[in-house]
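**Q**
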Amino acid sequence: MKALFWRDLALAGRAGGAAMLGLMFFLAVVAVIPFGVGPDLNLLGRIGPAVLWIGALLASLLGLDRLFQADREDGGLDLIVLQDFSDLVLTVLVKTAAHWVITGLPLVVAAPLLALMMNVEPLAGGAVMATLLVGTPAVALVGAAGAAIAVSLPRGGLLVSVLILPLCVPVLIFGISSARAAVTDPDPFWPPFLILSAITLVFAVIGPVAAALALRASSD
Amino acid sequence: MQAIAEGLAGGRGGTALFQDVSFALESGAGLAIVGENGVGKSTLLRILAGLLPAARGTFELRDDEGAVLIAHEHLHYLSHRNAMKRELSVHDNLDFWKSFSDPSGDAGGLSAEAAIAAVELEGIGHLPFGYLSTGQQRRIGVARLLVTRRPLWLLDEPTAALDLRSSRLFAALAEAHLDDGGLLIAATHLPLGVDGVETFDLAMAAVPDTDCDDGEVWM
Amino acid sequence: MSDIAASAGWWTRLANPSRFLALSNRLGPWLAGGTVLTLAVGLYLGFQAPEDYQQGSTVRIMFIHVPAAWLAMMCYTVMALSAIGSLVWRHPLADVSVRAAAPIGAVFTALALITGSLWGKPMWGTWWVWDARLTSFFVLFLMYLGLIALHRALDDPARSGRLSAILVLVGFINIPIIKFSVDWWNTLHQPASVLRVDGPTIHPSLLVPLLVMAIAFTLLFFTLHLVAMRNEILRRRVQVLRRNAARQIGESR
């Protein structure tokens, strides 16, 4: 399993760009927002956390369809699916973890920088980073289920987003709530943050199990 | 070890293709499944591997005492794709599959270098897999079977991309595997050239055209 | 094979599509008749009901809106149960049931959203508010659309049944989480600024037509579901026949 994790990381490095593409998309989405709403720094500061979260959510969904598709194309997925069910669930979890390190972690690291550009207070920027650190794995985990369901489909990419976005609504709500709460005084930061962590843990169970079932079902 | 299929039936896309496929193989025996395109050779192989459910029938691996084994731990499945990453070197690819299919390291098998040498591609290990020709890629695909020792080989068109010399090389490797007490089941439309392999024509087990009112037909 | 099916339990027997078709032929007209009858009674009672002193005649939208919303949720429950049947017992009719229910559920959800919006205009003065219920229903609508999109993308019935069953169950587990989070979000942003519709207990003169309409909509759902399942079975037969035809042409050359 460790070998699988390192191989997937190495592949992302070799394949060139695949890892960085999500990050670039994130930058681009955040950069077009001021063109849409105007350069008013106060307004940007207010909506900044939300813009960062939505950008990160979309960027995390972007690369999800490749999670299993590359393995399917070269036939390796057959050998992965042939394992015991518990091993298969673990494999999915490991692959998702590698995927998150490649695509999710750069978003988390870039978030505070973009927060500065959006005139978000430093404290709120830190809060966005913390919530992204906890929240983006949830997107990747439930996204693994979507990626597994769509693995055999030619235009899976768009479909994965359509299937997964409604399920990501809670992650978005609690992520932005706690990021906001860090700066607006009366609202407490911890309750939404802890709920967000709980959702991530729930998805850590649901996502890989559903993905493993779906991979079995689509191994034709 | 024994591989026993009893009354297997299967199909694809809601159409039943074959039924009542039964055979029993002892250690050291091979079976070549032949038949025209579309009779369901690959489907049968995937059912044997456990990737597809059989519509009816069973397939079991038993050890010498007759106890049923967990099949997927004792078989190698080589589809028409080679399960290798184009971006990684041949050596890394083989190393990965060695550690993936045998994490504890007690199944035995050749090292990646020895496996590359066994398919007579010494010196190619450091190159990315994507740089290899189709025939070379297939030989590396076969080398994956050597890095972890597993008794049953399930091969889908193993020689389709190979030239005559490579086919002979493959036949020698397969014969060595059988001599070593292994088993081999291959779907092929080319003669395998492996000694001691029986031939089974899947067309003999084809399902006659079914009446749609059968009720099972769309499952 | 049919001998085996005959000796097993009733559901295995029902799993035979021919038997299901025969049953649905007998059941269908009764269901359809019952639907028309209760729908007529419900609508009559609905228009006989007294006008609300605050809302006037627009309160009658409720007789469509509320049953549609109930049915939208019931349909997802039916799909989740079918999904379990499909995953655990590999019951082929359960696949068909999931697939047939999704568009019906989407239409009921859309109906609930549209009538809610029509009701909202005179009540709230706007077509749409980001109220907790409307928002969670909108998310439910998106989930139905996702399922339909998946069905359209998958053409192999054997695979698509299990895959959509998995998606339905993942969604079903998520519905409470989504509902909870939307409620949280709503109280955070709009502290009780919208007029609640469900404030006072409902008057019996409105309750009776509402219940009759709920029964009518339930019957309507089962009628539509039955017909949709029939269509799906026939569609798959056509698919198999076409594949067989393609195979035979290949063989005769």
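Chains as they are written, first to last, in UniProt numbering: chain Z, 1 to 220; chain V, 1 to 219; chain A, 1 to 253.
Every residue gets a Cβ at the ideal spot worked out from N, C-alpha and C, and that includes glycine.
Predicted model, so just to flag it, every value in this text is computed and none were measured.
(1) Is the CB of serine 177/Z under 8 angstroms away from at least one CB in chain V?
(2) Between valine 81/Z and arginine 216/Z, is the Cβ-Cβ spacing less than 8 angstroms?
(3) Tell me whether the beta-carbon of isoleucine 33/V lies closer than 8 angstroms to the beta-carbon of leucine 202/V.
(4) Give me whichever residues DSSP pairs with aspartate 156/V in a beta bridge.
(5) Report the start-end ranges of each alpha helix (DSSP H) in the segment 12-91 of chain Z that is 4 residues or longer and not cut off at the edges.
(6) For proline 191/A, count neighbouring Cβ atoms within 10 angstroms of its own Cβ and tell me buried if that reaches 16, exposed if not.
(7) Against chain A, with Cβ distances strictly below 8 angstroms, would isoleucine 80/Z count as a contact?
(8) Decide yes or no for the touch test of the segment 71-89 of chain Z against the segment 112-124 of chain Z: beta carbon pairs closer than 8 angstroms, at least 3 of them.
(9) Express the C-alpha separation of serine 79/V and alanine 214/Z in angstroms, rounding to a whole number.
(10) Per DSSP, which one or two residues make a beta bridge with proline 128/V?
(11) Does the beta carbon of methionine 79/A come closer than 8 angstroms to any beta carbon on chain Z?
(12) Please list, in chain order, all residues of the same chain as alanine 182/Z whose beta carbon is under 7 angstroms from its beta carbon, the five residues on each side excluded.
(13) If you run the structure through DSSP and keep just helix, strand and coil, what is residue 222/V?
(14) Are threonine 126/A and histidine 65/A close, meaning C-beta to C-beta below 8 angstroms?
(15) Find out if the Cβ-Cβ distance for the pair alanine 228/A, isoleucine 104/A is shorter than 8 angstroms.
(16) For leucine 57/Z, I'd like the list of residues in its chain whose CB is within less than 7 angstroms of its CB, leaving aside the five on either flank, ordered along the chain.
(17) Hey, how far is the Cα of arginine 236/A from the Cα of proline 191/V?
(18) Taking all protein chains shown into account, do 16 or more other C-beta atoms lie within 10 angstroms of the C-beta of leucine 37/A, making it buried, or fewer, making it exposed?
(19) Is it right to say glycine 125/V is buried, meaning 16 or more other beta carbons lie within 10 angstroms of its own, or is it exposed?
(20) Using a Cβ-Cβ cutoff of less than 6 angstroms, which residues in the same chain neighbour glycine 123/V once the five nearest sequence positions on both sides are dropped?
(21) Distance, Cα to Cα, glutamate 175/V vs glutamine 136/V?
(22) Looking at the unbroken beta strand (DSSP E) that takes in leucine 31/V, where does it start and where does it end?
(23) Going straight from the alpha carbon of methionine 62/A to that of valine 212/A, what length do you get?
(24) What residue does the beta strand (DSSP E) around residue 224/V start on, and which one ends it?
(25) Out of Gly42/A, Ala245/A, Gln239/A and Tyr76/A, which has the shortest C-alpha to C-alpha gap to leucine 207/A?
(26) Would you decide whether alanine 106/A is buried or exposed? Buried here means 16 or more other CB atoms lie within 10 Å of its CB.
(27) Below 8 angstroms between beta carbons: does that hold for leucine 39/A and alanine 165/A?
(28) Given that threonine 15/V touches chain A, what residues does it touch there, using C-beta distances under 9 angstroms?
(29) Take arginine 56/V and list the residues in its own chain whose beta-carbon comes closer than 8 angstroms to its own, dropping the five residues that flank it on each side.
(30) For leucine 154/V, tell me which candidate among Ala49/V, Arg81/V and Glu113/V has the shortest Cα-Cα distance.
(31) At what residues does the alpha helix (DSSP H) containing serine 161/Z begin and finish?
(32) Which of the three DSSP states, helix, strand or coil, is assigned to threonine 184/Z?
(33) In whole angstroms, give me the CA-to-CA distance for arginine 139/V and valine 68/V.
(34) Taking the alpha helix (DSSP H) that serine 136/A belongs to, which residues open and close that run?
(35) Opposite leucine 75/V in the DSSP bridges: which residues?
(36) Based on Cα-Cα distance, which residue from Thr131/Z, Leu132/Z, Trp53/Z and Asp71/Z lies nearest to alanine 83/V?
**A** The structure says:
(1) Taking the first sequence and counting its residues from 1, the one referred to as residue 177/Z is at position 177. Cβ-Cβ to chain V under 8 angstroms: no for serine 177/Z.
(2) Taking the first residue of the first sequence as 1, we reach residue 81/Z at position 81. Taking the first residue of the first sequence as 1, we reach residue 216/Z at position 216. Against a cut-off of 8 angstroms, the Cβ pair of arginine 216/Z and valine 81/Z comes out as a contact.
(3) Translated into positions along the second sequence, residue 33/V becomes position 33. Translated into positions along the second sequence, residue 202/V becomes position 202. Yes; because the gap between Cβ atoms is below 8 angstroms, this pair is in contact.
(4) In the second sequence, residue 156/V corresponds to position 156, counting from 1. Looking at the DSSP assignment, aspartate 156/V forms a beta bridge with Ala187/V.
(5) 18-37, 41-62, 66-73 and 76-81
(6) For the purposes of this step, residue 191/A is taken as residue 191 along the third sequence, with counting starting at 1. Reliability fails at proline 191/A, whose pLDDT of 46 lies under 50, so the model's placement of it is uncertain and the value that follows must be treated cautiously. By the 10 Å Cβ count, proline 191/A comes out exposed.
(7) For the purposes of this step, residue 80/Z is taken as the residue at position 80 of the first sequence. Not one chain A Cβ lies under 8 angstroms of isoleucine 80/Z.
(8) no
(9) Here residue 214/Z corresponds to residue number 214 of the first sequence, with the count starting at 1. Here residue 79/V corresponds to residue number 79 of the second sequence, with the count starting at 1. Using only the alpha carbons, I get a separation of about 20 angstroms.
(10) Taking the first residue of the second sequence as 1, we reach residue 128/V at position 128. Proline 128/V is bridged to Ser89/V.
(11) Walking along the third sequence from the start, residue 79/A turns up at place 79. Not an interface residue.
(12) On the first sequence, position 182 is the one that residue 182/Z refers to. Result list for alanine 182/Z: Leu123, Ala124, Ala127 and Phe189, in chain order.
(13) Summary: the structure shown does not reach residue 222/V, with chain V confined to residues 1 through 219, and so no result is reported for it.
(14) Numbered from its first residue, the third sequence carries residue 126/A at position 126. Numbered from its first residue, the third sequence carries residue 65/A at position 65. No, the Cβ-Cβ distance between threonine 126/A and histidine 65/A is not below 8 angstroms.
(15) Reading the third sequence from its first residue, position 228 is the one you call residue 228/A. Reading the third sequence from its first residue, position 104 is the one you call residue 104/A. Closer than 8 angstroms, so yes.
(16) Against the first sequence, residue 57/Z aligns to sequence position 57. Excluding residues within five positions, the ones whose Cβ falls inside 7 angstroms are Val139, Cys168 and Leu172.
(17) Your numbering for residue 236/A matches position 236 in the third sequence. Your numbering for residue 191/V matches position 191 in the second sequence. Approximately 38 angstroms, taken between the alpha carbons.
(18) As a position in the third sequence, residue 37/A is number 37, starting the count at 1. Leucine 37/A should be labelled exposed.
(19) Sequence index remark: in the second sequence, residue 125/V carries index 125 (1-based). That one is buried.
(20) Residue mapping note: residue 123/V aligns to position 123 of the second sequence, counting from 1. Once the five neighbours on either side are set aside, glycine 123/V has no close Cβ partner at all.
(21) Within the second sequence, numbered from 1, the residue matching residue 175/V stands at position 175. Within the second sequence, numbered from 1, the residue matching residue 136/V stands at position 136. Spanning the two alpha carbons is a distance of roughly 20 angstroms.
(22) Position 31 of the second sequence, counted from the start, is the residue given in the question as residue 31/V. It spans 30-34 - the beta strand (DSSP E) in which leucine 31/V sits, taken as one unbroken run.
(23) Indexing the third sequence from 1 puts residue 62/A at position 62. Indexing the third sequence from 1 puts residue 212/A at position 212. Going by the C-alpha atoms only, they are around 12 angstroms apart.
(24) What is shown of chain V runs 1 to 219, which leaves residue 224/V out entirely.
(25) The residue given as residue 207/A occupies position 207 in the third sequence. Answer by Cα proximity: Gly42/A.
(26) The count along the third sequence starts at 1 and reaches residue 106/A at position 106. Alanine 106/A is buried by the Cβ-count criterion.
(27) To locate residue 39/A, count along the third sequence from 1; it is residue 39. To locate residue 165/A, count along the third sequence from 1; it is residue 165. No, the pair does not count as a contact, with Cβ atoms beyond the cut-off.
(28) Residue 15/V sits at position 15 when you count from the first residue of the second sequence. Neighbours of threonine 15/V on chain A, chain order: Val240, Arg243, Asn244 and Arg247.
(29) The residue given as residue 56/V occupies position 56 in the second sequence. So the list reads Gly7, Leu8, Ala9 and Gln19, once near-sequence residues are dropped.
(30) As a working mapping, residue 154/V is identified with position 154 in the second sequence. Selected option, being the one with the closest Cα: Ala49/V.
(31) The count along the first sequence starts at 1 and reaches residue 161/Z at position 161. It spans 156-164 - the alpha helix (DSSP H) in which serine 161/Z sits, taken as one unbroken run.
(32) Position 184 of the first sequence, counting from 1, holds the residue named residue 184/Z. Here threonine 184/Z sits in coil by DSSP.
(33) Here residue 139/V corresponds to residue number 139 of the second sequence, with the count starting at 1. Here residue 68/V corresponds to residue number 68 of the second sequence, with the count starting at 1. Roughly 32 angstroms separates the two Cα atoms.
(34) The residue given as residue 136/A occupies position 136 in the third sequence. Residues 132-153.
(35) Here residue 75/V refers to the residue found at position 75 of the second sequence. Bridge partners of leucine 75/V: Leu152/V.
(36) Sequence index remark: in the second sequence, residue 83/V carries index 83 (1-based). If we check each option's Cα against that of alanine 83/V, Asp71/Z comes out closest.
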